[in-house]
Amino acid sequence: MRIFVTGATGFIGSAAVPVLIEAGHQVLGLARSEAGAEALTSAGAEVHRGELTDLESLRSGAEQSDGVIHLAFIHDFSKFQENCEIDRRAIEAMGSVLAGSNRPLIVTSGLAGLGEPGQLATEDMDLPKDFQFPRVSEQTAFSLKGVNAAVVRLPQVHDTVKQGLVTYLIALAREKGVSAYVGDGGNRWAAAAVADVARLYRLVLEKNETGAKYHAVAEEGVPLRDIAEAIGRGLQIPVKSVSPDEAQSHFTWLARFAAQDLQGSSAKTRNQLGWNPTGPGLIADLDGMRYYETDMAGASAARRA
Numbered sequence: 000m001r002i003f004v005t006g007a008t009g010f011i012g013s014a015a016v017p018v019l020i021e022a023g024h025q026v027l028g029l030a031r032s033e034a035g036a037e038a039l040t041s042a043g044a045e046v047h048r049g050e051l052t053d054l055e056s057l058r059s060g061a062e063q064s065d066g067v068i069h070l071a072f073i074h075d076f077s078k079f080q081e082n083c084e085i086d087r088r089a090i091e092a093m094g095s096v097l098a099g100s101n102r103p104l105i106v107t108s109g110l111a112g113l114g115e116p117g118q119l120a121t122e123d124m125d126l127p128k129d130f131q132f133p134r135v136s137e138q139t140a141f142s143l144k145g146v147n148a149a150v151v152r153l154p155q156v157h158d159t160v161k162q163g164l165v166t167y168l169i170a171l172a173r174e175k176g177v178s179a180y181v182g183d184g185g186n187r188w189a190a191a192a193v194a195d196v197a198r199l200y201r202l203v204l205e206k207n208e209t210g211a212k213y214h215a216v217a218e219e220g221v222p223l224r225d226i227a228e229a230i231g232r233g234l235q236i237p238v239k240s241v242s243p244d245e246a247q248s249h250f251t252w253l254a255r256f257a258a259q260d261l262q263g264s265s266a267k268t269r270n271q272l273g274w275n276p277t278g279p280g281l282i283a284d285l286d287g288m289r290y291y292e293t294d295m296a297g298a299s300a301a302r303r304a
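Residue numbers for the sequence shown follow numbering that gives the first Met the number 0, beginning at 0 and rising by one.
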């Protein structure tokens with residue numbers, strides 16, 4: 000298949016593209032810079048110039064392809080609402096081209112909002128209609144008429160350089176000189192190694208069902224206290240608990256996540272797709288980081304992944 004991949008040069012995309020090519024697929028990767036185009040060419044992919052705000056380039060890329068994997072998102076949390084709207088329009092634009100065909104549109108989402116606190120999020124759960132969150136990737140994909148849409152819900156995706164929201168916790172701990180968690184730190188975040196997630200996208204592409212929701216979860220939940228302690232070890236700084244009342248002032252925009260349970264199961268995904276993540280685990284990758292050699296600029300600057 001010839002697959003249009005947005006975010007092809009990002010954290011997950013740069014791992015997924017070679018996996019897709021090795022499996023015999025052709026990849027048409029979205030690139031907004033010359034450096035991105037060169038990286039795609041080196042990986043053996045075709046280059047499609049454009050960006051998420053250029054809806055015509057997105058429609059054109061989807062039109063030329065047998066399916067779409069949408070990985071791109073603008074990770075500038077100072078403009079989160081605006082970037083969520085850009086994401087919504089991008090999904091609608093690509094979906095408009097795929098409507099009426101069986102060509103898959105695979106969209107990326109997350110685990111936030113699923114289930115009750117402390118409850119494992121499963122693939123059968125839907126986001127509640129009153130869920131107040133600016134990013135509506137999943138809802139947008141499933142609202143498209145006549146589109147073969149499926150969703151991959153991501154946990155904290157990691158290697159020894161990046162770890163989803165944990166990357167921002169590391170930057171905050173570096174800035175404040177202390178690695179913190181809320182209360183007893185017993186709330187948990189699901190996680191998966193980036194190489195495992197890349198393999199899952201290939202399996203979803205080849206085996207997906209319309210309307211399906213897949214969970215890229217290797218570890219169902221890693222306690223935030225364990226995460227904070229690993230960061231403390233790596234940065235050689237103190238680790239402490241902050242009260243729920245102190246969370247906003249300490250974590251700022253991260254406060255809404257810092258005390259939240261983002262646990263998830265992938266039992267159904269594994270059974271349906273034969274996906275078997277092999278790790279390493281989140282704490283192992285955090286312990287394997289070179290904290291004072293790794294470039295952490297991406298945690299505080301606007302990025303597109």
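C-beta atoms are modelled at their ideal positions from N, C-alpha and C, and glycine is treated no differently.
Look at the beta carbons and you see the stretch 88-99 touching the stretch 61-78: at least three pairs across the two are nearer than 8 Å. Taking D260 as the centre and dropping the five residues before and after it, the same chain places the C-beta of P116, G117, N186 and R187 closer than 7 Å to its C-beta, in chain order. Closest in alpha carbon position to H214, among S108, D129 and S32, is S108. The beta-carbon distance between A140 and L104, rounded to whole angstroms, is 6 Å. This is short enough to meet the 8 Å contact definition.
Counting C-beta pairs closer than 8 Å gives three or more between the stretch 201-208 and the stretch 255-274, which meets the contact rule. Excluding the 5 residues flanking it on each side, F79 has same chain C-beta neighbours closer than 7 Å at P133, in chain order.
With respect to V196, V156 sits close: the two C-beta atoms are nearer than 7 Å.
Taking one beta carbon from each stretch, the stretch 226-233 and the stretch 274-289 have 3 or more pairs nearer than 8 Å; the two touch.
Contact between G184 and P222 is confirmed by a C-beta separation of about 6 Å, below the 8 Å threshold. With a cutoff of 7 Å on beta-carbon distance, V135 and R87 are scored as near each other. By the CB criterion at 7 Å, V150 and E137 fall inside the cutoff.
With 16 or more other Cβ atoms inside 10 Å of its own Cβ, S178 counts as buried. The straight-line gap separating the alpha-carbon atoms of D125 and L171 is approximately 32 Å. Annotated as proximal: V46 and A30, with beta-carbon spacing under 7 Å.
A44 is not a Cβ neighbour of G23, given a cutoff of 7 Å.
DSSP lists G263 as the bridge partner or partners of A120. In the three-state DSSP reduction, N186 falls in the coil class, being neither helix nor strand. Using a 10 angstroms sphere on the CB of Q162, the tally of other CB atoms reaches 16 or more, which defines it as buried.
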